[in-house]
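Trainee: Protein chains in written order, with the working numbering: chain A, 62 to 252; chain B, 62 to 252.
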DNA sequence: CATTTTACTTACTAAGTAGTAAGTTTGTCA
DNA sequence: TGACAAACTTACTACTTAGTAAGTAAAATG
């Protein structure tokens, strides 16, 4: 038996995709099992409960984000390029069949998901916000960005607008998402 | 029997609240019935299917929004006050046990809700955006607002940021929501 | 080669889901 | 007063849900 890591990873990929597509309450173990061509119980073998599966998805995403921002390919970018990189994460979601931000998805269902999952969502949200705040702060000091208010508030605005724009794009089309990204850049880039 | 309209309205109120609290896939007829102190089938008597119930909630909200914006109490406000009024709608959601925007909630679950409901969500989103765009446009011409880009893009940014901020506030607290509102005002109000 | 471990399947449970059909109570109105 | 209709309840169906327990085939390991 050689596909231990492979099966586990495939389940995580599918769960992540379903989370972004239909939300935590919108998918079932049966969805994953049928897509994978195995039985329901096989999913439970890898992830005892839906809560642990959800937690694993978010934890993996947190690891991934940490690796990204500490990798030279992102770390060595200019402030403006860093912001573009941030937006590009979400542009990929959009291109990929109208997926939505994991954080936003789970926050909408916040009051109907297990508590362990809530904690993970909070951590991921906080970590992304911290990075964005630091990027905005550096960029303003370097003269690349110009905005009023604190970097923390501006980061919260940019992040929540992108999150909301992904959702809005589902009803009103991808253009709305691109509009929001462009408007954010106009609002923050020094003339 | 005298409480026809009353029961129907109470069901709509509860459904709206549950939608904002747990999402469309996060509540059931049983939740409404038990809260109301009646049996499941009583809800089906008033709303044949969950889809028609959801549609009715959104349609009522659309009517409400139309009444609001055409009422003198909003219509006669200054541009700046209109924007404040818009934000205040969502501040009320926040104050009311961390509720989330109906539009955002349903857009997250967009791919797992009935099609008739999707259409309603699209209409509500479009109508609110149109009003916000017009308000921003008027305000800029009147010298109350200052921003780059089109009123349409700025409206999309403001709306999606508020939508996202309500969600973010669930994980990170109400302060985040207030920060986003304040930042939006700083970004748009003429110095 | 024997044992253990991995990755499942089969077969099930208990609970919840939307939805329906038929009957009941109660107020309204001709 | 009697018919009707509104607003339910009772009792059910068909289905889906997460989760479990026991068994199995095959690969890894000692």
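Where is the CB? At the ideal position from N, CA and C, for every residue including glycine. Bear in mind that the values here come from a model prediction, so they are computed numbers and not experimental data.
Which runs of the alpha helix (DSSP H), 4 residues or longer, sit entirely within the segment 174-233 of chain A?
Mentor: 176-202 and 212-233
Trainee: What does residue 250 of chain A pair with, by DSSP beta-bridge criteria?
Mentor: A:206
Trainee: Which residues of chain A have a Cβ atom closer than 8 Å to the Cβ of residue 110 of chain B, listed in chain order?
Mentor: Taking a Cβ-Cβ cut-off of 8 Å, residue 110 of chain B has no neighbours in chain A, whose nearest Cβ is about 18 Å from it.
Trainee: Which chain A residues sit within Cβ distance under 7 Å of residue 221 of chain B?
Mentor: 222, 225, 226, 229 and 241
Trainee: If you run the structure through DSSP and keep just helix, strand and coil, what is residue 137 of chain B?
Mentor: Looking at residue 137 of chain B - three-state DSSP - the assignment turns out to be coil, as it is neither helix nor strand.
Trainee: Mind listing which residues of the segment 75-102 of chain B have their C-beta closer than 7 Å to chain A's C-betas, in chain order?
Mentor: 82, 83, 84, 86 and 87
Trainee: Residues of chain A with a CB under 8 Å from the CB of residue 194 of chain B: which are they?
Mentor: Those do not exist, as residue 194 of chain B stays about 11 Å from chain A at its closest Cβ, beyond 8 Å.
Trainee: Would you report the Cα separation of residue 152 of chain B and residue 245 of chain B, rounded to the nearest angstrom?
Mentor: 14 Å
Trainee: Could you spell out the range, first to last residue, of the alpha helix (DSSP H) harbouring residue 164 of chain A?
Mentor: Per DSSP, residue 164 of chain A belongs to the alpha helix (DSSP H) from 163-169.
Trainee: Run the CB neighbour count on residue 150 of chain A, radius 10 Å, all protein chains shown included, and call it buried at 16 or more, exposed below.
Mentor: exposed
Trainee: DSSP three-state call for residue 67 of chain A: helix, strand or coil?
Mentor: helix
Trainee: Taking the C-alpha atoms as reference points, what is the distance between residue 205 of chain B and residue 144 of chain B?
Mentor: Cα atoms of residue 205 of chain B and residue 144 of chain B: separation of roughly 11 Å, rounded to the nearest angstrom.
Trainee: Closer than 8 Å, Cβ to Cβ, to anything on chain B: give me those residues from the segment 171-189 of chain A, in chain order.
Mentor: 171, 172, 173, 179, 182, 183, 186 and 187
Trainee: To be precise: take each residue of the segment 143-156 of chain A, compare its Cβ to all Cβ atoms of chain B, and keep it if any distance is under 9 Å. Which residues remain?
Mentor: none
Trainee: Is there at least one Cβ from chain A nearer than 9 Å to residue 217 of chain B's Cβ?
Mentor: yes
Trainee: Rounded to a whole number of angstroms, what is the C-alpha to C-alpha distance between residue 177 of chain A and residue 166 of chain A?
Mentor: 16 Å
Trainee: Do you know whose CA, among B:224, B:196 and B:221, lies nearest residue 212 of chain B's CA?
Mentor: B:196
Trainee: In the DSSP assignment, find the unbroken alpha helix (DSSP H) run with residue 101 of chain A in it and report its ends.
Mentor: 101-107
Trainee: Output, in chain order, the set of chain B residues within a Cβ distance shorter than 7 Å of residue 168 of chain A.
Mentor: 228, 229, 231 and 232
Trainee: In the DSSP assignment, find the unbroken alpha helix (DSSP H) run with residue 115 of chain B in it and report its ends.
Mentor: 111-131
Trainee: Near residue 138 of chain B, which residues of its chain fall below 7 Å by C-beta distance, leaving aside the five closest residues on each side in sequence?
Mentor: 146
Trainee: Using a Cβ-Cβ cut-off of 9 Å, state whether residue 209 of chain B counts as contacting chain A.
Mentor: yes
Trainee: Where residue 170 of chain A and residue 155 of chain A are concerned, what is the direct C-alpha to C-alpha distance, given to the nearest angstrom?
Mentor: Distance between the alpha carbons of residue 170 of chain A and residue 155 of chain A is about 21 Å.
Trainee: So is residue 90 of chain B buried or exposed if we call it buried at 16+ other beta carbons inside 10 Å?
Mentor: buried
Trainee: Quick check on residue 251 of chain A - is its C-beta less than 9 Å from some C-beta in chain B?
Mentor: no
Trainee: Suppose you measure from the CA of residue 109 of chain B to the CA of residue 103 of chain B; what does that come to, to the nearest Å?
Mentor: 10 Å
Trainee: With a threshold of 16 other CB atoms inside 10 Å of the CB of residue 98 of chain B, please say whether the residue is buried or exposed.
Mentor: exposed
Trainee: Under 9 Å, do residue 224 of chain A and residue 228 of chain B count as touching if we go by C-beta distance?
Mentor: Yes.
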